[in-house]
Structure formats: C-alpha cells, structure tokens
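*Asks:*
Number of protein chains: 2
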Amino acid sequence: MQMDERKRKILRAIVQDYIATAEPIGSRTIARKFDLGVSPATIRNEMADLEDLGLIEQPHTSSGRVPSDAGYRYFVDCLMDPQTVSDEQKEIIERESSKRIHEIQEVISHTSRLLSELTNLTSIVLGPQKGKSTFGKMHFLPYQPGQVILVIVKENGTVENHIVDIGENLTTDELQQVAAVFNQKMRGYSLSQVKRSLLHEIYDELSRQRLLIDNTLDMLREILDDNEQEERIYLGGTLNMLNQPEFKDLGKVKTLFKVFEENESLKKLLQPYQEGLNVTIGGENTLKEFKGCSVISATYKVNGLTIGAVGVLGPTRMDYGKAIAIVDFMTRSLTEILTKRR
Amino acid sequence: MQMDERKRKILRAIVQDYIATAEPIGSRTIARKFDLGVSPATIRNEMADLEDLGLIEQPHTSSGRVPSDAGYRYFVDCLMDPQTVSDEQKEIIERESSKRIHEIQEVISHTSRLLSELTNLTSIVLGPQKGKSTFGKMHFLPYQPGQVILVIVKENGTVENHIVDIGENLTTDELQQVAAVFNQKMRGYSLSQVKRSLLHEIYDELSRQRLLIDNTLDMLREILDDNEQEERIYLGGTLNMLNQPEFKDLGKVKTLFKVFEENESLKKLLQPYQEGLNVTIGGENTLKEFKGCSVISATYKVNGLTIGAVGVLGPTRMDYGKAIAIVDFMTRSLTEILTKRR
DNA sequence: TGTTAGCACTCTCTCTTAATGAGTGCTAAC
DNA sequence: GTTAGCACTCATTAAGAGAGAGTGCTAACA
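Top to bottom, those sequences are chains A and B.
Quick note, the first sequence lines up with residues 32 to 373 if you use my numbering.
Quick note, the second sequence lines up with residues 32 to 373 if you use my numbering.
(1) Decide yes or no for the touch test of the region 358 to 370 of chain A against the region 34 to 47 of chain B: beta carbon pairs closer than 8 Å, at least 3 of them.
(2) Is the beta carbon of residue 154 of chain A less than 9 Å from the beta carbon of residue 344 of chain A?
(3) Give a single yes or no on whether residue 220 of chain B has its beta carbon closer than 8 Å to a heavy atom of the ligand FAD.
(4) Work out the CA separation of residue 263 of chain B and residue 81 of chain B for me, nearest whole Å.
(5) In chain A, which residues lie with their C-beta within 9 Å of the C-beta of residue 281 of chain B?
(6) Measuring straight from C-alpha to C-alpha, what distance separates residue 245 of chain A and residue 177 of chain B?
(7) Check the Cβ-Cβ distances between residue 138 of chain B and every residue of chain A, and say whether any is below 9 Å.
(8) Any idea what DSSP makes of residue 141 of chain A, helix, strand or coil?
(9) Grab me the residues of residue 366 of chain B's own chain with a C-beta within less than 6 Å of its C-beta, minus the 5 sequence neighbours each way, in chain order.
(10) Can you list, in chain order, the stretches of the alpha helix (DSSP H) that have 4 or more residues and sit fully within the region 52 to 95 of chain B?
(11) Compute the Euclidean distance between the alpha carbons of residue 120 of chain B and residue 270 of chain A, then round it to the nearest angstrom.
(12) With residue 277 of chain A and residue 323 of chain A assumed to form a contact (beta carbons below 8 Å), what rounded beta-carbon distance in angstroms separates them?
(13) Can the beta-carbon of residue 266 of chain B be found closer than 9 Å to that of residue 284 of chain A?
(14) Under 7 Å, CB to CB, which of the residues in the region 193 to 219 of chain A have a partner in chain B?
(15) By the three-class DSSP mapping on this structure, what secondary structure does residue 196 of chain A have?
(16) List the residues of chain A whose Cβ lies closer than 8 Å to the Cβ of residue 289 of chain B, in chain order.
(17) Looking only at DSSP bridge pairs, what is residue 180 of chain B linked to?
(18) Which of the residues in the region 173 to 189 of chain A, read from start to end, lie with their CB under 9 Å from any CB of chain B?
(19) What residues of chain A sit near residue 122 of chain B, judged by a beta carbon separation below 8 Å?
(20) Tell me, please, whether the CB atom of residue 367 of chain A is closer than 9 Å to any CB atom in chain B?
(21) By the criterion of Cβ-Cβ separation under 8 Å, what are the contact partners of residue 292 of chain B in chain A?
(22) Using the beta-carbon count (16 or more within 10 Å), is residue 77 of chain B buried or exposed?
(23) If I follow the unbroken beta strand (DSSP E) through residue 220 of chain B, where does it start and stop?
(24) Does the distance from the C-beta atom of residue 206 of chain B to that of residue 194 of chain B stay below 9 Å?
(25) Mapping the DSSP letters down to three states, classify residue 128 of chain B as helix, strand or coil.
(26) Residues in its own chain within less than 6 Å of residue 192 of chain B by CB, not counting five upstream and five downstream?
(27) Per the DSSP calculation, residue 343 of chain A is bridged to which residue(s)?
(28) Give me the residue from A/74, A/32, A/70 and A/68 with the minimum Cα distance to residue 42 of chain A.
(29) Comparing C-alpha positions only, which one of A/166, A/327 and A/147 sits nearest to residue 315 of chain A?
(30) Pair every Cβ in the region 108 to 128 of chain B with every Cβ in the region 349 to 358 of chain B, then say whether three or more of these pairs are closer than 8 Å.
(31) Check for me: the beta strand (DSSP E) holding residue 267 of chain B runs from which residue to which?
(32) In this structure, does DSSP put residue 113 of chain B in helix, strand or coil?
(33) Which residues in the same chain have their Cβ closer than 6 Å to the Cβ of residue 369 of chain B, if we skip the five residues on either side of it in sequence?
(34) Between the region 163 to 172 of chain A and the region 131 to 151 of chain A, can you find at least three pairs of beta-carbon atoms closer than 8 Å?
(35) Just mark residue 53 of chain B as buried or exposed, buried being the case when its beta carbon has 16 or more other beta carbons within 10 Å.
(36) CA-CA distance, residue 57 of chain A and residue 89 of chain A?
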C-alpha cells in the first residue's frame with residue numbers, strides 16, 4: 032500500500048486538527064472541516080489504510096484517530112508547509128536583542144525566555160561549553176589579607192571571578208609575576224589541555240617560588256575542575272507545560288518537573304553534538320520521561336564554531352511548523368549577536 | 032468561655048493529628064489515638080466549645096474538625112513543645128557547610144537547598160541586599176579593544192564583573208587614574224548614596240578628562256541601577272509542594288508556581304525587615320495566593336547587621352515545631368559562616 | 001472499481017441513584 | 001459533669017442507564 036495524494040491530505044488534516052484541538056478526530060469531522068470532496072465513508076476507508084501504515088492510531092475502538100509518532104514524523108518531513116517567523120514576532124525579537132546586554136549569560140537567558148514566550152513551549156538552552164573554551168588571560172586583584180580575586184577571561188569572552196586563598200602574604204609584584212607566566216604559557220589552550228600538561232611546565236618555570244606556585248596551582252586546579260563539570264542549562268517557560276492538556280494529570284507533572292530539576296538528563300534531549308536543526312518526536316527520545324514529548328533543537332555558533340544548543344520542548348502534539356521556524360530564527364539571531372560581540 | 036487544660040490537650044491532639052494525616056479528625060478518633068481518659072461524647076462537647084472559640088472548624092457538617100488559622104496560631108504560641116534539630120540533621124548541616132565554598136551566592140543557594148531537603152518544604156532565601164551594601168573598591172582590567180572589564184568589590188565581600196564599552200582607546204594609566212579617584216571618593220558609601228551625590232563630586236574632580244569620565248559614569252550608573260532592582264531570591268524544593276495533598280488540584284499548582292516564577296511577590300512573604308524569627312500562618316499572609324500557606328522566616332546577619340532573610344513555605348498544615356527548629360538553626364549557622372568569611 | 005449510504009456495534013462520558021460510613025448534635029440517664 | 005444512645009447530615013463510592021461520537025461492514029450506485 033502506498034501513500035497517495037488523498038491519503039496525504041487526510042493525514043495532514045488529522046495532524047493539524049489534532050494539534051489544534053487535542054481531541055481525537057473522526058471521519059465525519061474531517062469531511063465537515065476540511066473540504067476534500069469525498070464522503071465520511073471514503074475517509075473512513077482511507078483512515079483504515081493510514082492506520083495499517085502505522086501513521087495514525089485509535090486510543091480505543093470507536094473513537095477518532097490521533098497521529099502516531101510515525102505520523103508526526105511523516106508530517107514534519109513531507110507534509111508540513113514551511114513556515115516563517117511572522118513580522119510581529121521578528122519585531123519582538125529584534126527589539127529584545129537590541130537591548131544593551133553585557134554578559135553572555137544574560138544573552139542566553141534572554142534567548143531562553145524569548146523562546147518560551149514566542150512558542151508557548153518550554154525552552155532549553157545549553158550555554159557555551161566551558162570545557163571546550165580556551166583560556167585567554169588571568170588577573171589577580173587584591174581582596175582581603177590572605178585572599179585575592181582571580182579573574183579569568185576566556186577566549187570565548189566569558190569572564191569569571193573567584194576568591195582564592197593565598198595562605199601567606201604576597202606582594203602585588205609577586206602576584207603579577209605569577210600571572211604573567213601563566214598568561215604567557217596558557218593563552219589559547221583549552222582548559223582541559225591546561226589541566227593535563229601545561230601546569231607542570233609552568234611549575235618548572237617558576238620553581239624559584241615554590242610555595243607561591245603551589246597555592247596558585249591549587250586554586251587554578253579547583254577552578255578548572257569546577258568548569259569542566261558545569262555546563263549550564265537554561266530553562267524557560269516550564270509552566271507552559273501545565274497548560275497542555277497532556278499534563279492535566281498531576282503524576283505526569285511531578286515526573287516531568289523532577290527531570291527539569293536535575294539538569295543532567297536535559298542535555299541529552301538537545302543532542303548538542305548534532306549540527307544544525309533537529310526534530311525529535313515522541314518515542315525517538317532516549318529519555319523515557321519524554322516519550323510523549325517532542326524536541327526541536329538547533330546549535331549556535333561563534334566564529335563558525337558550534338558552542339551550544341537551543342531547543343523547545345513540548346508535547347508531541349505541538350505546532351511543529353511554528354516551533355521550527357522560531358528555533359531556526361533564534362539560533363541565527365543568537366549566532367549573529369554572539370559573533371558581533373567579539 | 033475559657034481554655035482549660037483539657038481543651039488545650041484536645042486542641043493539641045487535633046493539630047498534631049491533622050498535621051500528620053491531613054484528614055479531618057473526629058471525636059472517636061481522638062479518644063482512640065490519644066489517651067485523654069474521657070469518652071468521645073465528652074470530647075464532642077469540648078470540640079463544640081473549641082469551634083465556638085474559633086480555633087477549629089468543620090469542612091462541612093458531619094465531618095471531623097480541622098484547625099483554623101487561629102487554632103494553628105494558638106498551637107504555635109502556647110501548645111507546641113519546643114523542638115531542637117536532631118543530631119542527625121545537625122551532622123548533615125555541618126558536613127555541608129564544611130565544604131569549601133568560594134562565593135557568597137554559593138553559600139546562599141546551598142542553604143536554600145539544604146533547608147528544603149531537611150524540611151520537605153519549599154525554601155525561600157533572600158540574598159544579601161545589594162542596595163544596602165556599600166561600595167568597596169573597583170578595578171579596570173583589559174578586555175577587548177574599546178571594552179574593559181569593570182570589577183566591583185563591595186564591602187560585604189561580593190565581587191561582580193561587568194563588560195563596559197569605553198568607546199575610545201584609553202591607556203592603562205588613564206584607567207588606573209580614574210579608578211583611583213573613584214576608589215578614593217566612594218569607599219564605604221552605599222550604592223544608592225553613590226548614585227545620588229557623589230558622582231557629581233567625582234565628575235568635578237576629574238573634569239580634565241571629560242570624555243573618559245562621561246563613559247565611566249555611564250557604565251557605573253548602569254551597573255548601580257541594575258543592582259538596586261536586583262535582590263536575588265533563591266527558591267528550593269518547589270516540587271515538595273506537589274507532594275502535599277493540599278495541592279492535588281492542578282489549578283492551585285498553576286497559580287502557586289506562577290507566583291514562584293515572579294520573584295517580586297515572594298519577598299513580601301519573608302518580611303525581611305522584621306528582625307528575628309517569624310511565623311506567618313495562613314490568612315495572616317498578605318498575598319492571597321498564599322492564604323492556605325504558612326511561612327517560617329528569620330533574618331541572618333553579617334557583623335551584627337541584618338542583610339537578608341531565609342524562610343520555608345508550606346501548607347498551613349505543616350510541622351511547625353520541626354520547621355521552626357531548622358530555620359532557627361540554619362540562620363544561626365548562616366550568620367556564623369558569613370561572619371567567619373570576612 | 002471506486003464511492004457512498006445505511007446500520008449495528010463499541011466504547012467513553014456523564015448523570016442519576018442507592019448504599020456506605022464517618023461524624024455530629026441532642027437528649028436522657030448515670 | 002460525663003456518658004450512652006440515636007436520629008440526622010453529608011461526602012464518597014459503586015452500579016446502572018442513556019447519550020453521543022465514531023467505527024467497520026455490507027450492499028447499492030455511478
């Protein structure tokens with residue numbers, strides 16, 4: 032059995048109507064709402080075929096049909112009209128991103144909020160991968176007696192500061208000297224590279240000041256360890272999920288929000304290592320908690336280098352056309368903003 | 032009509048049982064569970080009195096009684112056995128706070144998580160009031176051409192960095208000079224004071240370098256504005272609310288979480304300007320969304336100065352004894368940690 | 001051969017009704 | 001002042017009856 036034009040029309044009708052109403056749809060309703068020029072009985076025959084093909088299914092005998100995961104997949108791949116972001120939405124995005132924003136974190140969290148507001152879905156944004164970014168420069172600043180502020184500038188532009196104990200009183204000059212050596216040796220290396228080999232080299236170079244260096248290495252090691260594990264996830268509009276009829280059951284809400292709380296598993300949803308735009312539908316998802324959800328995700332870049340991913344999460348019954356258009360537009364816009372900053 | 036010893040015993044029984052079971056409790060059950068030496072009929076008479084006094088109420092005729100807000104209040108003020116934190120819990124807290132933690136934000140968010148885990152309630156922690164903290168020192172560090180990193184150290188110990196445009200190329204020396212003047216003039220002033228009067232003074236002092244100063248003032252003003260509005264709230268264990276039978280209704284969950292999302296109203300819950308430990312029960316709350324909730328809050332200090340507040344939020348039917356003990360212990364512990372850091 | 005009308009059948013949803021049970025207030029006896 | 005007894009109330013639960021939406025199948029039709 033093959034898909035013909037009429038079957039495609041009917042499948043599209045089912046998907047569109049189900050996305051809009053969240054109710055199983057029957058042959059009679061299709062005939063009434065969509066002008067296909069055939070009677071409900073004919074549509075029924077076609078629907079039986081579509082069910083055999085695995086594209087739609089019945090929640091129970093004698094109810095309407097709903098699209099299966101495979102049905103959504105066919106819809107997304109073959110039936111969907113490519114949509115563009117409306118001018119109104121474009122304007123909102125433009126206006127928001129024209130605000131002067133200083134830190135990269137702010138740009139990201141802004142993006143996250145915007146995504147969820149425009150789609151009425153939950154947004155997931157994976158921040159710049161710290162582990163992959165390379166070391167730029169470090170500075171010491173005075174803080175308390177026995178403590179200094181260590182400011183680290185990475186080559187992707189992020190700036191971090193940490194208070195570190197230096198254990199003994201050191202002069203500003205000595206600190207500058209240490210910083211200078213570190214800066215000279217480490218510039219342009221990824222943090223993991225720094226961690227593995229370079230520290231020893233630096234250690235040799237500065238061996239005259241053993242004690243001072245020991246402390247500096249200690250603090251640096253601590254910071255590097257921190258960074259490698261931490262790769263922040265930004266969530267937005269989690270409450271939008273509660274408006275979906277799919278989550279009118281409190282048990283589902285609980286398990287969903289429990290996953291939201293522990294960020295680790297969310298990273299898997301974004302498939303951050305897959306370039307470009309991706310649509311994951313229902314059961315295609317690896318996490319069992321999200322079998323009933325779909326994810327539209329895409330990666331963003333700085334200077335041609337993929338550094339993170341954004342996505343929206345919603346029930347499989349989501350408006351794919353709209354969501355895809357917005358995610359696509361936002362990643363482009365994000366890439367542009369981040370590139371301009373440099 | 033007066034409260035006598037037997038009425039007190041019965042009220043305590045009702046409150047304790049209701050806290051434990053979340054079910055309205057009847058005279059028969061009280062007689063069975065609590066050994067008062069009187070029959071259900073006698074208890075019924077007393078309960079009628081307690082209802083007249085407004086301390087308990089009936090959800091509907093012919094159901095058991097539940098404590099009213101006034102009943103909880105009487106229980107908290109007069110009936111409750113003062114509880115202490117168990118050794119087991121103390122150990123958890125000690126172990127957690129012995130971890131080396133660098134930033135004040137980390138200390139706060141740690142506290143928040145701990146509070147919610149120990150109480151199974153939702154924790155609310157109001158971070159140090161930035162508006163009230165006084166300016167310590169500022170530094171400029173090189174960043175990109177045309178941009179510098181502005182590092183601000185406040186006297187409460189927080190360190191912030193911001194990227195600021197300087198619009199034109201300035202030498203390191205010139206920047207140092209500007210920073211020196213700012214540092215000399217501003218040290219020890221609150222940010223709002225700085226904003227109002229001192230800026231003009233600095234402006235006079237450095238009028239030789241108009242352009243440079245204009246930019247510096249612009250960025251500083253921006254940062255000060257930011258800080259004044261931002262006074263971060265840390266929430267923990269919001270999901271614990273979903274386990275409470277009070278929130279088995281999805282509508283309630285929605286409105287509750289909506290309030291959680293916009294932090295502003297949460298600040299009101301903590302009564303951050305009221306020194307010491309506070310218990311707010313049900314309708315005593317100003318926010319209508321929290322009429323069915325109680326809040327235990329307390330302030331914490333650094334160097335004798337109140338700088339923030341922590342609290343737990345739960346249904347009025349919460350274990351007040353335990354919650355009060357933990358909140359009290361945690362604020363003391365927090366005060367101690369923050370004071371030691373200085 | 002594809003399309004359509006008709007019809008019996010299935011299954012969910014909702015509304016009604018009845019039974020159960022926990023708990024009360026009142027009265028009268030102790 | 002305390003208690004036993006009893007009639008009454010009201011939420012909760014289970015069972016049953018329609019109603020409604022939708023299907024699959026058969027037979028007629030173009």
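A virtual CB, placed ideally from N, CA and C, is assigned to each residue, including glycine.
Small disclaimer: the values here were computed from a predicted structure and weren't measured.
*Replies:* Let me spell this out:
(1) Output reads no: the region 34 to 47 of chain B does not touch the region 358 to 370 of chain A.
(2) A contact, by the Cβ cut-off of 9 Å.
(3) Inclusion of the ligand FAD in the displayed structure is not the case, the ligand content being empty and no account of it being possible.
(4) In a straight line, the C-alpha of residue 81 of chain B is about 43 Å away from that of residue 263 of chain B.
(5) Annotation: Cβ neighbours of residue 281 of chain B in chain A (cutoff 9 Å, chain order): 273, 278, 279, 280, 281 and 284.
(6) Distance between the alpha carbons of residue 245 of chain A and residue 177 of chain B is about 35 Å.
(7) Taking Cβ atoms only, chain A never reaches closer than 9 Å to residue 138 of chain B, which makes this a no.
(8) In the structure shown, residue 141 of chain A falls within a helical segment according to DSSP collapsed to helix, strand and coil.
(9) Excluding positions up to five away in sequence, the list reads 331 and 332.
(10) Counting only runs of 4 or more, we get 58 to 64 and 71 to 83.
(11) Between residue 120 of chain B and residue 270 of chain A, the C-alpha separation is close to 33 Å.
(12) At roughly 6 Å, the Cβ-Cβ gap stays under 8 Å, so residue 277 of chain A and residue 323 of chain A are in contact.
(13) Contact flag unset, no.
(14) Taking 7 Å as the upper bound on Cβ-Cβ separation, chain B lies near residues 193 and 194 of the region 193 to 219 of chain A.
(15) In the three-state reduction of the DSSP assignment, residue 196 of chain A falls in the strand class, which pools E and B.
(16) Those are 270, listed as they occur along chain A.
(17) For residue 180 of chain B, which the question treats as bridged, DSSP gives the partners B/172 and B/194.
(18) Flagged, chain order: 173, 174, 175, 180, 182, 184 and 188.
(19) Residues of chain A passing the Cβ test: none, with the nearest at roughly 25 Å.
(20) Cβ-Cβ to chain B under 9 Å: no for residue 367 of chain A.
(21) Those are 270, listed as they occur along chain A.
(22) The residue in question, residue 77 of chain B, is buried, as its Cβ has 16 or more Cβ neighbours within 10 Å.
(23) Neither: residue 220 of chain B is in no beta strand (DSSP E) and is coded neither H nor E.
(24) Here residue 206 of chain B is not near residue 194 of chain B, since their CB atoms are 9 Å or more apart.
(25) If DSSP states are grouped into helix, strand and coil, residue 128 of chain B belongs with the helices.
(26) Its chain contains 180 and 182 as the residues whose beta carbon lies nearer than 6 Å to that of residue 192 of chain B, once the 5 sequence neighbours on both sides are disregarded; these appear in chain order.
(27) DSSP, once it has assigned bridges, lists A/154 and A/327 as partnering residue 343 of chain A.
(28) Taking the Cα of residue 42 of chain A as reference, the smallest distance to any Cα among A/74, A/32, A/70 and A/68 is reached at A/74.
(29) Of the candidates A/166, A/327 and A/147, the one whose C-alpha sits nearest the C-alpha of residue 315 of chain A is A/327.
(30) Touching, per the Cβ criterion.
(31) Following the DSSP letters along the chain, one finds residue 267 of chain B inside the beta strand (DSSP E) bounded by residues 264 to 267.
(32) Coil.
(33) Cβ-Cβ distances below 6 Å link residue 369 of chain B to 333 in the same chain, with the five nearest sequence neighbours on each side left out; the list follows chain order.
(34) In short, these stretches do not touch, since the Cβ pair count stays below three.
(35) Here residue 53 of chain B is exposed. Its C-beta has fewer than 16 other C-beta atoms within 10 Å.
(36) Approximately 10 Å, taken between the alpha carbons.
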